[in-house]
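*Asks:*
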Amino acid sequence: MNRKRDGLCAAAALLACGLGSAVELAAGQGDVAFLLGGVKRIASPGIPGPLCVWGKDAFPVATAPAGGEVREPVVAAARLGKGRLVALGHTGYLDGGAFGVGDTSRLLANAVRWAAGRTDADGKPVRVGVHQQADLAALLAKQGMAVRAMDGADWAEKLAGFDVVCLQSTAPTTPARRAALGRFVEGGGGAVLAGLGWGWLQLNPGKDLLADHPGNLLLARAGIVWSDGYLTGGGAGGYEVAAPSDLAHAAGALDALAAHAEKKRTLSAGQLAQAGAVVSRTVRSLPPGEKLLDRLRALSGRYAAEAVPSHAKPLRQGDALQRVLLAWQLQEADKLPPEQVRAHPAAEVFPGAVPADAPRVTRTVEIDTAVPDWHSTGLYAAPGEVVTVELPAEAAKGGLALRLGAHKHGLWGKDVWRRCPSVLRVVPLAGRVTPAASAFGGLIYVDVPRGCALGRIGVTVAGAVEAPWYVHGRTSAAEWRKSLRSRPAPWAELATEKVILTVPSAEVRGLDDPNALMGFWDRVLDACAELACRPKRRPRPERYVADEQLTAGYMHAGYPIMTHLDAPRRMVDPEHMRTKGDWGLFHEMGHNHQSGDWTFAGTGEVTVNLFTLYVMETVCGRGPEAHGSLRADRREKMIRDHLAGGRDFEKWKQSPFLALLMYAQLRDAFGWEAYRKVFAEYRDLPRGQRPRSDEEKRDQWMVRFSRAVGRDLGPFFQAWGVPTSEKARASIADLPGWMPDGFPPKPQRP
46 MNRKRDGLCA AAALLACGLG SAVELAAGQG DVAFLLGGVK RIASPGIPGP
96 LCVWGKDAFP VATAPAGGEV REPVVAAARL GKGRLVALGH TGYLDGGAFG
146 VGDTSRLLAN AVRWAAGRTD ADGKPVRVGV HQQADLAALL AKQGMAVRAM
196 DGADWAEKLA GFDVVCLQST APTTPARRAA LGRFVEGGGG AVLAGLGWGW
246 LQLNPGKDLL ADHPGNLLLA RAGIVWSDGY LTGGGAGGYE VAAPSDLAHA
296 AGALDALAAH AEKKRTLSAG QLAQAGAVVS RTVRSLPPGE KLLDRLRALS
346 GRYAAEAVPS HAKPLRQGDA LQRVLLAWQL QEADKLPPEQ VRAHPAAEVF
396 PGAVPADAPR VTRTVEIDTA VPDWHSTGLY AAPGEVVTVE LPAEAAKGGL
446 ALRLGAHKHG LWGKDVWRRC PSVLRVVPLA GRVTPAASAF GGLIYVDVPR
496 GCALGRIGVT VAGAVEAPWY VHGRTSAAEW RKSLRSRPAP WAELATEKVI
546 LTVPSAEVRG LDDPNALMGF WDRVLDACAE LACRPKRRPR PERYVADEQL
596 TAGYMHAGYP IMTHLDAPRR MVDPEHMRTK GDWGLFHEMG HNHQSGDWTF
646 AGTGEVTVNL FTLYVMETVC GRGPEAHGSL RADRREKMIR DHLAGGRDFE
696 KWKQSPFLAL LMYAQLRDAF GWEAYRKVFA EYRDLPRGQR PRSDEEKRDQ
746 WMVRFSRAVG RDLGPFFQAW GVPTSEKARA SIADLPGWMP DGFPPKPQRP
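Residues 46 to 795, numbered by this note's numbering, are exactly what the sequence shown covers, in order.
(1) According to the neighbour-count rule (16 or more other Cβ atoms, all chains shown, within 10 Å of its Cβ), is N155 buried or exposed?
(2) For A551, which residues of its own chain have a beta-carbon under 7 Å away from its beta-carbon, when the five flanking residues on both sides are left out?
(3) Just confirm the distance between the C-beta atoms of M607 and H454, as a whole number of angstroms; I'd bet it's less than 8 Å.
(4) Does D786 pass the burial test, meaning 16 or more other C-beta atoms within 10 Å, or should it be called exposed?
(5) Relative to the alpha-carbon of V210, which residue among A320, A440, L546 and V237 has its alpha-carbon at the smallest distance?
(6) What does DSSP give as the partner residue(s) for Q639 in the beta ladder?
(7) Leaving out five residues before and five after G278 in sequence, what residues of the same chain have Cβ atoms less than 7 Å from its Cβ?
(8) Can you tell me whether H356 is helix, strand or coil according to DSSP?
(9) Answer with buried or exposed for T218, where buried requires no fewer than 16 other C-beta atoms within 10 angstroms of its C-beta.
(10) D642 and P736: beta carbons closer than 7 Å?
(11) Check each candidate in A201, R329, P170 and A194 and name the one with the smallest Cα separation from Q177.
(12) For W536, name the three-state secondary structure that DSSP assigns.
(13) Roughly how many angstroms lie between the CA atoms of P781 and D757, to the nearest whole one?
(14) Taking Cβ to Cβ, would you say L276 is nearer than 7 Å to V106?
(15) Determine the burial state of L70: buried for a count of at least 16 other Cβ atoms within 10 Å of its Cβ, exposed for fewer.
(16) Go to H609, then tell me how far its alpha helix (DSSP H) extends in each direction, as first and last residue.
(17) Let me check understanding here. Comparing Cα to Cα, which of L263, G635 and T422 lies closest to V660?
(18) Which one or two residues does DSSP pair with P417 in a beta bridge?
(19) Are there three or more Cβ pairs, one per stretch, closer than 8 Å when the segment 473-483 is compared with the segment 438-453?
(20) Excluding the five sequence neighbours on either side, which residues of its own chain have a C-beta within less than 7 Å of the C-beta of R614, listed in chain order?
(21) I believe V491 touches L449 by the beta-carbon criterion, under 8 Å. Please report the beta-carbon distance rounded to the nearest angstrom.
(22) Give me, in chain order, the residues of the same chain whose beta-carbon lies closer than 6 Å to that of G100; leave out the 5 immediate sequence neighbours on both sides.
(23) Taking the alpha carbon of D558 as the point to measure from, which residue in P549, Y589, V590 and G518 has its own alpha carbon closest?
(24) Going by the DSSP bridge assignment, what does P549 pair with across the sheet?
(25) In chain order, what residues of the same chain lie with their CB nearer than 7 Å to the CB of R530, ignoring the 5 residues before and after it?
(26) Which residue or residues does DSSP assign as beta-bridge partners of F104?
(27) If you drop the 5 nearest sequence neighbours on each side, which residues of the same chain put their C-beta closer than 6 Å to that of R495?
(28) Alpha carbons only, please: which of S330, A304, S345 and A296 is nearest the one belonging to K336?
(29) Leaving out five residues on either side along the sequence, give the residues of the same chain with a beta carbon under 8 Å from the beta carbon of T547.
(30) Please list the terminal residues of the continuous beta strand (DSSP E) segment that includes Q247.
(31) Name the two residues that bound the continuous beta strand (DSSP E) containing T648.
(32) Following the continuous beta strand (DSSP E) through R448, name the residue where it begins and the one where it ends.
(33) Go to C97, then tell me how far its beta strand (DSSP E) extends in each direction, as first and last residue.
(34) Counting Cβ pairs, one atom from each stretch, are 3 or more of them under 8 Å apart for the segment 214-234 and the segment 242-259?
(35) In the structure shown, what three-state DSSP assignment does P781 receive?
(36) Quick one: grab the DSSP three-state call for I502.
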């Protein structure tokens, strides 16, 4: 008998009691109640990613923290035609490791039954096809369902006879498989899919989540997609779940933001942040033609003028509608053909305007493709203007790309935007001639993939503006002073084969001696290579890039090293750098030379400063007191406080300058040569001898340094409270003992 229900609440209640009958599950607010029936907590396998939900027949089921008070969908569901879909925000939700966490198993069983459109308590079990998920098949079979594996290359041809199928979002890899699965669902079948947007992007560089992701090509028509980005991990206990807010659905959140702007609804600061984050992510994931885009277009006519972030007038989470509209504008600009791109109003604020009378030029630059990553051209793309890049015919399939702009990091997750959250444009150079344009403009680079074998090629760029560009050993100081430093682009570069500085042009207009400056920077890079025991000749130059706003920290390491805009003035001042140095700039370069083999937990911000100290000493002639925290009086106090506090290792790890004192004592006693010897030993270790755990890292560091200096450092490590194993200490007990003079210091009398 086929008995209809008004909503799903009754079915959810029956399932919760272990009772029930065959029902046709009806649409309504009871959907979420059914799916979360008996579910209070679910797993957070790995680092889940967010789902975007906007369709009229789609809805969030469970949300997870995404920063601050914001929660974004990690489970969502939708109707599509006569069928139903459930999407989960991590591939691990279908693996056995997640089943025992909280009520994850119950959620999966509920999802399968909901997608099937009926319960199985009348003796007619739900028929489930499971694709390459043996743990899930076993779980559902225990729930009384009729489960069959649907493996093999022809699995999509065997959907008939199932009520619902369960698979990873990447399984329908071909158009034929997606079409078969789409027909199955629209005809009344159900599907439960798990996926991870950011993980897929890492495994598929150069591809697009909306245009290429198999699951998104299927679910986008229902108004759900897996998005890029991360949710906050819930740890071993997973996520606590409850019925989601209406602000987790993008269409509802946009309506709420519009009502707030029109003073028809008042949203709290937390609600504004919630709605803004959900809609901003969704507008970056929408396929063309969605009705939500029409709504954004209409709102843009009224509020877009306010969507221009700057240092003086940033866009905060409370400016949620303006942030949403800016996100939409940026997404729309990225879709336009080059000739239709126009300068964004915020481009004049950052990265900056190009003088209208600046000559547009054509230049040919030689690119050595044996050197990977970014190749500077000394040219700049004006905002909203087309530049054309021409390659030799044989280079068109070499995987090269054009980068317009040096500021690669997006600010989407930041509470405050002091510039537009994305100002970079990357375009594949897949043909002999490639036109490109950016709404923000930027320095022009040719990006070379690793392993490229094209040799040296000439790349011609037309329609560009010249930028101040100094190349050490190739550009004369006289030529620089006469004309190059006055080139009109707003950003400049100073380059050697070892390091490149990308700074606002205003900072180099008065630079008279770039040769002395970049010679100094070469010595900095050579010093880092010396200490790390690496070749001074590098596979490609390191880079520093100054930015209005960073994704994290005051500066951060990487390629490029990022700094705020206060750093360039020091960075390009030869006298300042030579006599005072710069702890922060050297520190970040040190991170790029660290090794995890000799950096155990708690010392990531410690061993990096060995490089800072080394550069300060060998290049700038300054001792440890170059940093105020290492002055003699502070050093003594830190050590006494640490010893008086019981040599607490956890506190030691949380105090980078305290921990650095231990390393400084080794340098004072044995010199930098001891460090170079040990680092070289680590560099040459076979894979099987490298430390595999934190305990092994501490043991090996103590033992290898002891052997290098011929002294037993076991008691020294114990005096500091740094744990090592008895076995490791016994292995060096044959060496003469050692302890720094006056250490540990005697307790002071009260």
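C-beta: ideal position from N, C-alpha, C; glycine also.
*Replies:* According to the structure shown:
(1) Residue numbering aside, residue 155 sits at position 110 when the sequence shown is read from its first letter. Looking at its Cβ environment, which holds 16 or more other Cβ atoms inside 10 Å, N155 is buried.
(2) The sequence position of residue 551 within the sequence shown is 506, counting from 1. None.
(3) Locating residue 607 in the sequence shown gives position 562, counting from the first residue. Locating residue 454 in the sequence shown gives position 409, counting from the first residue. Between H454 and M607 the Cβ distance is about 7 Å, and since that is below 8 Å, they are a contact.
(4) Working through the sequence shown from its first residue, we reach residue 786 at position 741. Exposed.
(5) To locate residue 210, count along the sequence shown from 1; it is residue 165. For V210, the nearest C-alpha among the options comes from V237.
(6) Working through the sequence shown from its first residue, we reach residue 639 at position 594. According to DSSP, which records beta bridges pairwise, Q639 is partnered with nothing at all.
(7) Working through the sequence shown from its first residue, we reach residue 278 at position 233. If we look at G278 and ignore the five residues flanking it on each side, its Cβ neighbours are S89 and I92.
(8) The count along the sequence shown starts at 1 and reaches residue 356 at position 311. Under the three-state reduction of DSSP, H356 is assigned to coil, being neither helix nor strand.
(9) Translated into positions along the sequence shown, residue 218 becomes position 173. With fewer than 16 neighbouring CB atoms inside 10 Å of its own CB, T218 falls in the exposed class.
(10) As a first step, residue 642 is located in the sequence shown; it is residue number 597 there, counting from the start. As a first step, residue 736 is located in the sequence shown; it is residue number 691 there, counting from the start. Yes; because the gap between Cβ atoms is below 7 Å, this pair is in contact.
(11) Translated into positions along the sequence shown, residue 177 becomes position 132. Closest option to Q177, Cα to Cα, is A194.
(12) Within the sequence shown, numbered from 1, the residue matching residue 536 stands at position 491. Correct three-state label for W536: strand.
(13) As a first step, residue 781 must be located in the sequence shown, where it is residue number 736. As a first step, residue 757 must be located in the sequence shown, where it is residue number 712. Approximately 6 Å between the Cα atoms of the pair.
(14) Counting from one through the sequence shown, the residue named residue 276 turns up at place 231. Counting from one through the sequence shown, the residue named residue 106 turns up at place 61. Not closer than 7 Å, so no.
(15) In the sequence shown, counting from the first residue as 1, residue 70 sits at position 25. Confidence at L70 is low in this model, with a pLDDT of 41, below 50, so the placement of that residue should be treated as unreliable; the coordinate-derived value is given next. Within a 10 Å sphere around the beta-carbon of L70 sit 16 or more other beta-carbons, which makes this residue buried.
(16) In the sequence shown, the residue the question calls residue 609 occupies position 564. Annotation for H609: no alpha helix (DSSP H) segment contains it, though the beta strand (DSSP E) segment containing it runs I606 to H609.
(17) As a first step, residue 660 is located in the sequence shown; it is residue number 615 there, counting from the start. Comparing Cα-Cα distances from V660 to each of L263, G635 and T422, the minimum goes to G635.
(18) Translated into the one-based positions of the sequence shown, residue 417 becomes position 372. None; P417 has no bridge partner.
(19) Because the criterion of three Cβ pairs below 8 Å is met, the segment 473-483 and the segment 438-453 touch.
(20) Position 569 of the sequence shown, counted from the start, is the residue given in the question as residue 614. Hits under 7 Å: E552.
(21) Your numbering for residue 491 matches position 446 in the sequence shown. Your numbering for residue 449 matches position 404 in the sequence shown. Contact doesn't hold; Cβ gap of about 11 Å is too wide.
(22) Sequence index remark: in the sequence shown, residue 100 carries index 55 (1-based). Around G100: A123, A267 and G268.
(23) Position 513 of the sequence shown, counting from 1, holds the residue named residue 558. Nearest C-alpha to D558: G518.
(24) If you number the sequence shown from 1, residue 549 lands on position 504. DSSP output for P549 lists W536 as bridge partner(s).
(25) As a working mapping, residue 530 is identified with position 485 in the sequence shown. Excluding residues within five positions, the ones whose Cβ falls inside 7 Å are P513, V553, R554 and L556.
(26) Residue mapping note: residue 104 aligns to position 59 of the sequence shown, counting from 1. Here F104 is bridged, per DSSP, to A122.
(27) Within the sequence shown, residue 495 is the residue found at index 450, counting from 1. Taken in chain order, the residues that qualify are P417.
(28) For the purposes of this step, residue 336 is taken as residue 291 along the sequence shown, with counting starting at 1. Selected option, being the one with the closest Cα: A296.
(29) Here residue 547 refers to the residue found at position 502 of the sequence shown. The residues are A451, L488, W536, A537, E538, R588, Y589, V590, A591 and P605.
(30) Locating residue 247 in the sequence shown gives position 202, counting from the first residue. From DSSP, Q247 is part of no beta strand (DSSP E) but of the alpha helix (DSSP H) over G242 to L248.
(31) Within the sequence shown, numbered from 1, the residue matching residue 648 stands at position 603. Premise fails: T648 is in no beta strand (DSSP E) and is neither H nor E.
(32) One-based indexing of the sequence shown puts residue 448 at position 403. Its beta strand (DSSP E) spans residues A446 to L449.
(33) Walking along the sequence shown from the start, residue 97 turns up at place 52. Going by DSSP, C97 is part of the beta strand (DSSP E) stretching over L96 to V98.
(34) Because the criterion of three Cβ pairs below 8 Å is met, the segment 214-234 and the segment 242-259 touch.
(35) Position 736 of the sequence shown, counting from 1, holds the residue named residue 781. Here P781 sits in coil by DSSP.
(36) Here residue 502 refers to the residue found at position 457 when the sequence shown is read from its first residue. If DSSP states are grouped into helix, strand and coil, I502 belongs with the strands.
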